[in-house]
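Visitor:
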Amino acid sequence: MVKYILKRLLIAFPMLLVMALLTFVLMQKTAGNYYDLLKMDPRVSPETVERYVRLYQLDRPVLVQFLSWAKNLFRLEFGYSFYYNIPVKNVIAGRLLNTFILSFASILVTWLIAIPLGTFAALNRNRFWDRFIQTCSYFALSTPSFFLAMLLLYLGSRSGWIPLGGMRSAHYAELSLAGKCFDLLGHLIIPVAALSVASIGALQRIMRGNMLEVLGQQYILTARAKGLPEHRVIFRHALRNALNPLVTLLGYEFSSLLSGAALIEIICSWPGLGSLMLTAVRSKDVYLVMASFMMGGVLFLIGNLLADILLARLDPRIRYERLS
Amino acid sequence: MKDYHKSEFQIALGSFLRNRAAVVCLWVLGLLYAGAIFADFLAPYSYQNEDRDYSYCEPTRVHVRDEEGRWQRPFVYGMTVSFDQYHKRVYQEDRARKYPVEFFVQGDEYRPLGLLSSKLRLFGVAPEGRIHVLGADSRGRDLFSRILYGGRISLSIGLLGVAISFSIGLLVGGIAGYYGGRVDNILMRVCEMFMMVPGFYLLLALRSVVPANFNSMQVYISIVVILSFIGWAGLARIIRGMCLSLREREFVLAAKSMGVSDLGIIVKHVLPHTISYSIIAVMLSIPGYILAESALSLIGLGIQDPYASWGNLLSEAMGILQIQFAPWILIPGLFILVTVMCFNVIGDCLRDVLDPKIKKL
Amino acid sequence: MIYQVENLTVRVNDNGGKPLVNNVSFSIGSGEIVALVGASGSGKTTTALAGLGLLADGLIVASGRVLFEGDDLLKIPPVQLRRFRGRRIAVVFQEPLYAFDPLFTIGAQIDEVLEVHFGAHAAERKDKALALLKRCGIEEAERVYRSYPHQLSGGLRQRAMIAQALAGEPKLIIADEPTSSIDVTLQAKVLELFQQLRKELNLSILLITHDLGLVRHLADRVVVLRQGEIVEQGRVGHVLTAPRHVYTQQLMAAGG
């Protein structure tokens, strides 16, 4: 197991670094020398400039700069943000949490709706509700999430009930703990809805397919022949087998969610990693771009790894080798 | 062998055409592409034609009865703008100014194929009036016209991007699948690496690297290149899977024994069999490219003003104020939705038709 | 007679065509082993499972009765029918690898039967399950109990499946091709097991098979099916030595 994880890391990490190198070099060439920009900025004190010159070898050639940046990564030193005027890691930490909250909420909503929906559809195969759900899923699947976000913002602005954009209301600090929770949930509605709809459509279809396949298996017939009550056949045997292959999806979904969430964050003004990256790119804030990119990449990796580990743990066929 | 292929293809085509949804989607896509190609003719205005007096003007109502209720040729009224107490724009029809809708009029100039020059447009009104079928944007530019012109970029980027990704994927996948063993291993690791990086972040990172002084054409090409850079790996894996399974088939062994070179075998025998799956894979990935370009343009990193793409048309809708009072700005999004849906439906139908092994549940 | 099939006809739901099972009648006595033979697709499994309400989607019983200890199973509502399954009539399926749930241990799946039909506690269940496994000739009962289906050999799996069927203390076991998925040396063992069980428990067995050798060694009577219809039935000794119908002769010649 450990060997497996190491092997995966061994492949992925170098790739991230290669991509990072590409971005770094090209950015330096096009945006102008970071060192010069730093020196010229009146907001930055000379001591800070000196410190960064030493830390990141800013007066040396680009490749050397990159190597020292990479080295500093491991010490969790991400450099200095030109745009925000504070060290990058201070900017990133909060944003990371926010993106995480959004992604987590979205996955929760997606799975809590799609799994029962898919199961229900499979159990009522080809009858009215099943057909209805499938048609809706098709529309849901094809809807671009950013368009949905805008549409929801429009509808929200007409009704005036839902908070539009941002993560906290202006009077957040004055709210009670419960009030704060509700406020957060309220602000989550539109971005989570925009992110989840397409995933729900997709996941529902997969769940339904898996369920139908499982229901046709011999062991379901056996379970019924054993005299098990129907609810036990469905929920204990069928559902578990249908869910098993989906677990890998969980990890991949987390990863792809990061990408998708970035755009929604921007549209809904949700202060997360994605919108941070956009600001960084727009302002050519090199170290911020690099750090956001690496952070996104690492989270993506972790998501994938998690998926593989979960699959290995939950499927006894993979977990245990043949004994006899 | 050739005849067998032909009738197999014809059978598949027949099944496909019997599926009503797929045919409808084909027609819709056809209309959209035709709209983009003939945008010059179909659009009443060029994409740059602006009139600040009509900023955020709502869709123009076309009347067929005049003030006395008599039937008339279709016409529109001029609009005058005033501001209400919330400083919101309010447009009112000015009954004094009537402009009949003419067909085959002389409008803004354009150069079809870059050679000739023409001014002929399908419909329009006299220059003093404006006809905004779907409303106007912040600069008073006709949204309908810009949507038609925008289709050129949005719809072509998908095709171009996929074409490039597919070519790369085909080559890499074909080689990996055919040779197997270490070559396959190495190439697949490379693919995995590409697939391991989060798409959107990579998109942004690469985009940040494109120089600011690129002109629009160069930006367009850079975007296509970036999109292909991200997308080829998935296609390569699919192709490689197919090639691997085909490798051991008899006709490949037969060709080998006759001394055909490796590359020859790959190109002439292995690849044609992958066509059906390739078509499906391509169909289902085009939406991804369209969405990616739209996303980029939406946040201002894609196609820039004054050029139109459905994505950057939507960027105007990023502000809450605009959405609230000018909801027609969202219409380009509908076009994206419909296009994506059509490609998905067609791709799915193709899959049902060309791969009967997939159980239909 | 504890099990009587009378004029059973099974059709595909909206199809007006030929029924899958056409007017089949036979019976099984207490402690008797009756074999249902025929080629693939002759309707053997459908006939056997019709009584328990385990027909595939789209199949319905058009007419007939299936009597078990006096009750017509076809007239019993599904909820009550559940009490017969596993408890009074049990099924041993053909491919144990696919007939066991891959995500649960053998022990857990046998325990289920005990829990649902007898409401036994955890410890009781385990003891009973182990005893059942031993009874079926599995010496390393502890290990098999804790194993997952894919970890066992074909022979062990088949016997575990039989143990699972016995858990409900049924009067009748329907065995669908019990030896087709294991090799010859183990087939003899399974054969012995069935004979033992019949003797010790007075168990009735409905044996579905296309293997006439098995029929010869195990069954008392045989029913020959062809395309859903009975062509011949009678005591094994009589039918197999002097088959009257052409089809039976063909089956025997094919080496069954």
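Chains as they are written, first to last, in our numbering: chain A, 1 to 324; chain B, 1 to 361; chain C, 1 to 256. Heads up, the beta-carbon is just placed ideally off N, CA and C, and yes, glycines get one too. Treat the numbers as computed from the prediction; the structure is a model and nothing was measured.
1. Between which two residues does the beta strand (DSSP E) harbouring H117/C extend?
2. Can you tell me the Cα-Cα spacing of L239/A and M195/B, whole angstroms?
3. To the nearest angstrom, how far is it from the Cα of Y178/B to the Cα of A254/B?
4. When the Cα of I234/A is compared with those of G251/A, N244/A, V214/A, which residue comes out closest?
5. According to DSSP, is V190/B helix, strand or coil?
6. Quick one: which unbroken alpha helix (DSSP H) runs of 4-plus residues sit fully inside the region 288-355 of chain B? Chain order, please.
7. Quick one, which of N7/C, T45/C, G64/C has its alpha-carbon nearest L55/C's?
8. Taking a cut of 8 angstroms between CB atoms, which residues from the region 160-188 of chain C lie near chain A?
9. Spell out whether any CB of chain A is found under 8 angstroms from the CB atom of Y148/C.
10. Return the chain-ordered list of same chain residues with a C-beta closer than 6 angstroms to the C-beta of N7/C, the five sequence neighbours on each side being excluded.
11. Which residue comes first and which comes last in the alpha helix (DSSP H) that contains M290/A?
12. One question on the structure: do L172/C and S147/C come within less than 8 angstroms of each other, judged by their Cβ atoms?
13. Quick one: which chain A residues come within Cβ less than 9 angstroms of N312/B?
14. Would you report the Cα separation of Q324/B and S157/A, rounded to the nearest angstrom?
15. Beta-carbon of N241/A versus every beta-carbon of chain C: anything under 8 angstroms?
16. Closer than 8 angstroms between beta carbons: that is the criterion. Which residues of the region 221-235 of chain C meet it against chain A?
17. Below 8 angstroms on the Cβ atoms is my contact criterion, and I expect V366/B with A22/B to pass it. Report the Cβ-Cβ distance as a whole number of Å.
18. Taking Cβ-Cβ distances shorter than 8 angstroms, what residues in chain A pair up with Q324/B?
19. If G311/B and A295/B are in contact, beta carbons under 8 angstroms, what's the gap, nearest whole angstrom?
20. Quick one: Cα of R322/A to Cα of M295/A, how far?
21. I want to know whether the region 160-170 of chain B touches the region 199-214 of chain B - three or more CB-CB distances under 8 angstroms.
22. Determine the contact status of R226/C and G168/C, defining contact as a CB-CB distance below 8 angstroms.
23. In chain order, what residues of the region 106-123 of chain C put their CB closer than 9 angstroms to some CB of chain A?
24. Please list the residues of the region 178-197 of chain A that have a C-beta atom closer than 7 angstroms to any C-beta atom in chain E, keeping them in chain order.
25. So with CB distances below 8 angstroms, who are the chain A contacts of P327/B?
26. Return the chain-ordered ranges of every alpha helix (DSSP H) run that is complete within the region 7-91 of chain C and spans a minimum of 4 residues.
27. Is it true that the CB of I147/B sits closer than 8 angstroms to the CB of P332/B?
28. If S283/A and M341/B are in contact, beta carbons under 8 angstroms, what's the gap, nearest whole angstrom?
29. Which residues of the region 191-211 of chain B have a Cβ closer than 8 angstroms to any Cβ of chain A? Give them in chain order.
30. May I have the straight-line CA-CA distance separating A307/A from N244/A, to the nearest angstrom?
31. Find the residues of chain A that neighbour V91/C, judging by a C-beta separation of less than 9 angstroms, and give them in chain order.
32. What residue from G160/A, S199/A, K226/A, M40/A has the CA that sits closest to D101/C's CA?
33. Out of K18/C, N13/C, I33/C, state which residue places its alpha-carbon closest to the alpha-carbon of Y3/C.
34. Short check: CB of S255/A to CB of F293/A, under 8 angstroms?
35. Answer with yes or no whether the minimum CB distance from E95/C to chain A is below 8 angstroms.
36. List in chain order: all unbroken beta strand (DSSP E) runs of 3+ residues lying wholly within the region 114-189 of chain C.
Guide: The structure says:
1. First-last for H117/C: 106-118, but that is the alpha helix (DSSP H), not the beta strand (DSSP E).
2. 31 angstroms
3. 15 angstroms
4. V214/A
5. helix
6. 310-314, 320-325, 331-354
7. T45/C
8. Q164, G168
9. yes
10. N23, S25, G64
11. 286-314
12. no
13. Chain A residues near N312/B: none, gap ~13 angstroms exceeds 9 angstroms.
14. 6 angstroms
15. yes
16. none
17. Lying outside 1 to 361, the shown extent of chain B, residue 366/B is not represented and no answer is given.
18. Y154, S157, R158
19. 7 angstroms
20. Residue placement at R322/A cannot be trusted, given a pLDDT of 43 that sits under 50; the coordinates are not used to answer.
21. no
22. no
23. Q109, E112, V113, V116, H117
24. Among the protein chains in the structure shown, which are A, B and C, there is no chain E.
25. Y154
26. 44-50, 78-81
27. yes
28. That pair is no contact at about 36 angstroms.
29. E192, M193, F194, M196, V197, P198, G199, F200, Y201, L202, L204, A205, L206, R207, S208, V209, V210, P211
30. 11 angstroms
31. L221, T222, A225, K226
32. K226/A
33. I33/C
34. no
35. yes
36. 172-176
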